Amino acid sequence: ADKQGRNSEVESVVPQGWAYQTDLLEQGSLLLSVPGDYWSIRRQYFCKVVMLVIRHDETGSLALVLNRPTGLTTADVNLQSSDWPQDELLKWAGLARPDDAWKIWFGGDCEGFEMPPGAEYRHFCLHTLEQLTDKSRQVIKGVFVMELAQARASAQAGEANKDDFMLFVGYTGWGPGQLQDELSRGGAWILGAADKGLFLGDNSGEQNSLTARIKGACATRSTDDTVVADDGCIGDGIHHWNQLYKALRPDEADLLSTDDDLHNDEMIRRWVQAYLRQVGSDDAGALPPATISPQQLELRAGMILRCSATKWVLGRPDGTWPSRRNEDPWRLPGQYLHKAVVMLLEDSTHDRPSKFVLLNGPNIGKVGSDIVQFGGVVGLNERKFLPLPSGGGMIGYFEFPAGVLQDLLLQDFLCVAKHLDCNAVMEVDVERRWELAGGTLNTMQDVASAAQGDKQARKWYRAIVGVDVE
50 ADKQGRNSEV ESVVPQGWAY QTDLLEQGSL LLSVPGDYWS IRRQYFCKVV
100 MLVIRHDETG SLALVLNRPT GLTTADVNLQ SSDWPQDELL KWAGLARPDD
150 AWKIWFGGDC EGFEMPPGAE YRHFCLHTLE QLTDKSRQVI KGVFVMELAQ
200 ARASAQAGEA NKDDFMLFVG YTGWGPGQLQ DELSRGGAWI LGAADKGLFL
250 GDNSGEQNSL TARIKGACAT RSTDDTVVAD DGCIGDGIHH WNQLYKALRP
300 DEADLLSTDD DLHNDEMIRR WVQAYLRQVG SDDAGALPPA TISPQQLELR
350 AGMILRCSAT KWVLGRPDGT WPSRRNEDPW RLPGQYLHKA VVMLLEDSTH
400 DRPSKFVLLN GPNIGKVGSD IVQFGGVVGL NERKFLPLPS GGGMIGYFEF
450 PAGVLQDLLL QDFLCVAKHL DCNAVMEVDV ERRWELAGGT LNTMQDVASA
500 AQGDKQARKW YRAIVGVDVE
């Protein structure tokens, strides 16, 4: 009875199909990320994301992101295992036709765009064509996955059109029991089930091809729900998540129109702009090569560094991805570096970790009559106190893996504040220390980006440190 009541309520909100929240994880389940700040400061590609679980068994779970279209095609990425024998010859001869290219959707952060150049991406074709069931694997009734080579052959034979397929690069994966554990803990995902017409777009109108329907569902919308023209032809997918969230949690949907929620939408769009309009960086999880060697940098204990006001909004350098092969310096998101002034605690070289302390972190307590500021997360729980000659002190510090600080300096994510020492910094109010270290905003675009970063930094301190910053 409860489910029937829920379904009738859902139909009044989204008339084209049924949907309900469930505790049963299975193949064909829908996953929506929870609203709020959790993903907007950590991994923005999971913020307001819609995923379809295409496999769930004793080996783990695999899902595809449905609402992150890209500006890329098969001409931009390596999918050689799905090439026909003549493809390589045509490419070599420069005869590959532009209309042969298939549009690509971001499927997740496993074996996709985070891979280094030259690596072949894992990819999947999703479709709803009943006539191709013998060449496909059914996910749920009316939804199938198949190999790209088979999909291309079907399109070539006239059995389908390439717009009948969604081609995903990458996927989102969990080991045995991992996704169920995340669902049980809560705070990350909403599990649901829905009619395919709801999560794959309404097929009752003129746009009957799968990609046209889902592209319409993912189109960027203004606050009055009007489709916004996008010169890059990439939607942000927010409307698609909003519609499904309304269907799964109709009583909570009206609570989303807050300044924080609108800010999180901007973080999604910023991530889409940075990552889905072009192929990834030269090395996943690494910065582009610099013009000089890190070995040439001399970084001494006590040196003051000033961090960018525009490059830390997403918590990691644009173009880098969480790494599964190397230590990821941004496992803890890096919004703490937004407009930060830091001091090296030790000499830093390219082959040893770098330790530094924030000089303009928030106040987190007192020792006697002396104010204590947040200096970093390392040693924070142990309350390791670093006294300062001017009085008061810091608790905690940060540590980067070897070479990271040098790379950031070479790419202008931070810079050396020359002719400045710790005492001079600490003599001025916290709010003025970044400016004292030479920080300026030179354009209106910088001002707007810095304002986004200010809000992200406040959310970081609230989520990570438990401190509200004005």
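With positions in the sequence shown counted from 1, the corresponding number in the working numbering is that position plus 49. The C-beta atom is built at its ideal place from N, Cα and C for all residues, glycine as well. Please read all numbers here as calculations on a predicted model, not as lab measurements.
In this chain, C267 is not harboured by any beta strand (DSSP E); it is covered by the alpha helix (DSSP H) spanning L259 to C267. The C-alpha of R262 lies about 12 Å from the C-alpha of H176. Using a Cβ-Cβ distance cut-off of 8 Å, the stretch 344-357 and the stretch 391-401 are in contact, since at least three pairs of beta carbons, one from each stretch, lie closer than that value. Secondary structure of G222 (DSSP, three-state): strand.
Under the 8 Å Cβ criterion, the stretch 168-185 counts as touching the stretch 205-216, having at least three qualifying pairs. When DSSP states are grouped into helix, strand and coil, D106 belongs to the strand group. Around the beta-carbon of A497, fewer than 16 other beta-carbon atoms lie within 10 Å, marking it exposed. The Cβ neighbour count for E301, taken over all protein chains shown within 10 Å, is under 16; the residue is labelled exposed. Shown here for G222: same chain residues with a beta carbon closer than 6 Å to its own, the five before and five after excluded, namely L111 and C159 in chain order.
For C464, the enclosing beta strand (DSSP E) covers residues L463 to V465. Its Cα nearest to that of A150, the residue M215 stands out among P436, P84, M215 and P299.
In this structure, the CA atom of E519 is about 21 Å from the CA atom of D495. For Q187, the uninterrupted beta strand (DSSP E) run begins and ends at R186 to I189, by DSSP.
The Cβ neighbour count for S185, taken over all protein chains shown within 10 Å, is at least 16; the residue is labelled buried. In the three-state scheme derived from DSSP, where H, G and I count as helix and E and B as strand, L197 is classed as helix.
Counting C-beta atoms within 10 angstroms of its own C-beta, V218 has 16 or more neighbours from the protein chains shown and is therefore classed as buried. The three-state reading of DSSP puts K152 in strand, counting E and B together. By the 16-neighbour rule on beta-carbons within 10 angstroms, L304 is exposed. In this structure T260 touches K152 by the C-beta definition: roughly 6 Å separates them, less than 8 Å. The residue from T108, C174 and Y170 with its alpha-carbon nearest to that of L228 is T108. Close CB contacts of W509 within its chain, under the 7 Å cut and outside five residues either way in sequence, are with I90, P382, Q384 and Y385 (chain order). Where H312 is concerned, the enclosing alpha helix (DSSP H) starts and stops at D308 to Y324.
DSSP, read as helix, strand or coil, puts Y170 in coil. Beta-bridge partners assigned by DSSP to E448: K404.
In the same chain as F449, and ignoring 5 residues on each side of it, the C-beta atoms closer than 7 Å to its own belong to P378, P402 and S403, in chain order. For N412, the uninterrupted beta strand (DSSP E) segment begins and ends at N412 to V416. For M392, the enclosing beta strand (DSSP E) covers residues V390 to L393.
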